[in-house]
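Colleague:
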Amino acid sequence: MSYVRELPTSDDGRDAAMSTAKQRKDDPNTTNILSQANSDNLDIRYPLLLQKISIFQSSEQTYRNCVINFDKKIVKIKHKSSHGLQLVRFKIVDEDAGWDLSTYSYYMLPKDGHLPPMGTEDEIIQMAKNFINGETARIGDGGIALVDIKKVDVAAMLVELNALRLAKQDALDAMIQAQMDLAEERALVDKLIESMWGDIEHASQDMPKSTAHEFNMTWGMKFSHVPDAGIVNIKTEDFDTHEIIIGVSLRIGSPKGKGGAKGSSNQFGVDSIETLNLGDTHLIATHLVYNDTIVPIKVEEGKAINITVKMKKKNLD
Numbered sequence: 001m002s003y004v005r006e007l008p009t010s011d012d013g014r015d016a017a018m019s020t021a022k023q024r025k026d027d028p029n030t031t032n033i034l035s036q037a038n039s040d041n042l043d044i045r046y047p048l049l050l051q052k053i054s055i056f057q058s059s060e061q062t063y064r065n066c067v068i069n070f071d072k073k074i075v076k077i078k079h080k081s082s083h084g085l086q087l088v089r090f091k092i093v094d095e096d097a098g099w100d101l102s103t104y105s106y107y108m109l110p111k112d113g114h115l116p117p118m119g120t121e122d123e124i125i126q127m128a129k130n131f132i133n134g135e136t137a138r139i140g141d142g143g144i145a146l147v148d149i150k151k152v153d154v155a156a157m158l159v160e161l162n163a164l165r166l167a168k169q170d171a172l173d174a175m176i177q178a179q180m181d182l183a184e185e186r187a188l189v190d191k192l193i194e195s196m197w198g199d200i201e202h203a204s205q206d207m208p209k210s211t212a213h214e215f216n217m218t219w220g221m222k223f224s225h226v227p228d229a230g231i232v233n234i235k236t237e238d239f240d241t242h243e244i245i246i247g248v249s250l251r252i253g254s255p256k257g258k259g260g261a262k263g264s265s266n267q268f269g270v271d272s273i274e275t276l277n278l279g280d281t282h283l284i285a286t287h288l289v290y291n292d293t294i295v296p297i298k299v300e301e302g303k304a305i306n307i308t309v310k311m312k313k314k315n316l317d
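Numbering (the working numbering), first residue to last: 1 to 317.
(1) Going by beta carbon distance, what residues of the same chain come within less than 8 Å of Met3, once the five residues before and after it are set aside?
(2) Any idea if Glu135 is buried or exposed, counting beta-carbon neighbours within 10 angstroms, 16 or more meaning buried?
(3) Mind checking whether Gly259 and Ile273 have CB atoms under 8 Å apart?
(4) Under 8 Å, with one C-beta from each stretch per pair, do the stretch 55-65 and the stretch 144-156 reach the 3-pair mark?
(5) Exposed or buried, which one is Arg14 when buried takes at least 16 other CB atoms within 10 Å?
(6) With DSSP run on the structure shown, which of helix, strand or coil describes Lys262?
(7) Since Ser254 contacts Thr286 with CB under 8 Å, what's their CB separation in whole angstroms?
(8) Assign Asn162 to one of three DSSP states: helix, strand, or coil.
(9) Three-state secondary structure (DSSP) at Gly113?
(10) Could you pull out every residue in the same chain whose Cβ sits closer than 6 Å to the Cβ of Asn69, ignoring the five residues on either side in sequence?
(11) Closer than 7 Å by C-beta to Leu87: which residues in its own chain qualify, once you throw out the five before and the five after it? Chain order, please.
(12) Considering only residues of the same chain and omitting the five flanking positions on each side of Ala304, which have a CB-CB separation below 7 Å?
(13) So who's on the other strand from Asn306, going by DSSP bridges?
(14) Would you check if there are 3 or more beta carbon pairs closer than 8 Å linking the stretch 73-80 to the stretch 171-183?
(15) Where does His213 sit, in a helix, a strand or coil, going by DSSP?
(16) For a test of the three-state rule: what should DSSP assign to Ser35, helix, strand or coil?
(17) Checking 8 Å against the spacing of the C-beta atoms, do Phe131 and Leu161 come in under that value?
(18) Of the choices Gln267, Asn32, Lys111 and Met157, whose alpha-carbon is the least far from that of Lys80?
(19) Decide if Lys168 is buried, meaning its Cβ has at least 16 other Cβ atoms within 10 Å, or exposed.
(20) Does the structure place the stretch 233-244 close enough to the stretch 20-36 that three or more beta carbon pairs sit under 8 Å?
(21) Go ahead and pull the three-state DSSP assignment for Thr293.
(22) According to DSSP, is Gly269 helix, strand or coil?
(23) Would Ile200 and Ile33 qualify as a contact pair, given that the criterion is a beta-carbon distance under 8 Å?
(24) I'd like to confirm the pairing. Which residues does DSSP put opposite Leu283 in its beta bridges?
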């Protein structure tokens, strides 16, 4: 069974690697195997990593809250402004006193009264401004202020929306800066972990393999399992005469496929194939004068199995 070390790629992995090493280093009953430079760097980098993770997470949450607050407000002002412009249109269509087609120009609306686009933040904000400016200009020319949808209400909402928009942008800038700071810290931490693991491997280099592996893990190293190949020892023979068969093409894998470890029986009718196709699989044997033979096999990691493939000759009549 083989293992390869697996440097962490997540903050949780970095935290685990550094916290374990620091606990071992600081344990008075444990010999510190880390170099002085790495020990000192660990005491600095570990708390900084946690601090910058916390700052980024906090800034990310702040930004999300700002987005939620802004989105709620912009939906409200969208509804309020569009309803105000619709009310203007209804009064013109109904030919209320003081309302005619020329009134549309106050609100920057076309003569058919169709509302402006409302697909983006800027379009919604501009629509709100058009309603406010339209009411201001119309009232200035002697018109009576709308009561159902009031200019002052939309104006107050627009002030709040602009404040929320600025807060959202400030929160985004803070989150981006925190993300950059964290990325910079991660790079330094990754170099430190790799260097610490070098110290750990150096300390365990004279230990037996299994002992060294356990020792390394107690210092925070992580590993991924690399499967050892299984070995299939194969003998090919005639089903009836038991004579060896030379030149049998051998493959380990799916009978319907073409992939897998391959081999060929030698002058002694045997071959040994290493394969990572572990578990239940098949051995497929083919030969020009013999029928294809498929043998179910079970390959175990790091172990050898012996298989005799008995092949029947083709009926060439």
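Backbone N, C-alpha and C define an ideal beta-carbon position, used for all residues, glycine too. Small disclaimer: the values here were computed from a predicted structure and weren't measured.
Modeller: To lay it out plainly:
(1) The residue asked about is misnamed: residue 3 is Tyr in this sequence, not Met. Around Tyr3, the same chain offers His213, Phe223, Ser224, His225 and Val226 as residues with beta carbons nearer than 8 Å, after the five sequence neighbours per side are excluded.
(2) Buried is the label assigned to Glu135, since at least 16 other Cβ atoms lie within 10 Å of its Cβ.
(3) No, the pair does not count as a contact, with Cβ atoms beyond the cut-off.
(4) Output reads no: the stretch 144-156 does not touch the stretch 55-65.
(5) Around the beta-carbon of Arg14, 16 or more other beta-carbon atoms lie within 10 Å, marking it buried.
(6) Lys262 falls in the strand class under three-state DSSP.
(7) Going by Cβ atoms, the distance from Ser254 to Thr286 rounds to 14 Å, so no, they are not a contact pair.
(8) Shown here, Asn162 sits in a helix according to DSSP, grouped into three states.
(9) Assigned with DSSP and collapsed to three states, Gly113 falls in coil, not helix or strand.
(10) Only Leu164 meet the Cβ criterion.
(11) The beta carbon of Leu87 lies closer than 7 Å to those of Leu146, Asp148 and Ile149 in the same chain, with the five residues before and after it left out.
(12) Closer than 7 Å at Cβ, skipping near neighbours: Ile231 and Asn233.
(13) Paired residue(s): Asn233.
(14) The stretch 73-80 vs the stretch 171-183: no contact.
(15) Residue state, collapsed to three classes: helix.
(16) Under the three-state reduction of DSSP, Ser35 is assigned to coil, being neither helix nor strand.
(17) No, the pair does not count as a contact, with Cβ atoms beyond the cut-off.
(18) Nearest C-alpha to Lys80: Met157.
(19) Its Cβ being crowded by 16 or more others within 10 Å, Lys168 is buried.
(20) The stretch 20-36 vs the stretch 233-244: no contact.
(21) Secondary structure at Thr293: strand, using DSSP grouped into helix, strand and coil.
(22) If DSSP states are grouped into helix, strand and coil, Gly269 belongs with coil.
(23) Their beta carbons are under 8 Å apart, which means Ile200 touches Ile33 by this criterion.
(24) Assignment of beta-bridge partners to Leu283 by DSSP yields Ile252 and Val295.
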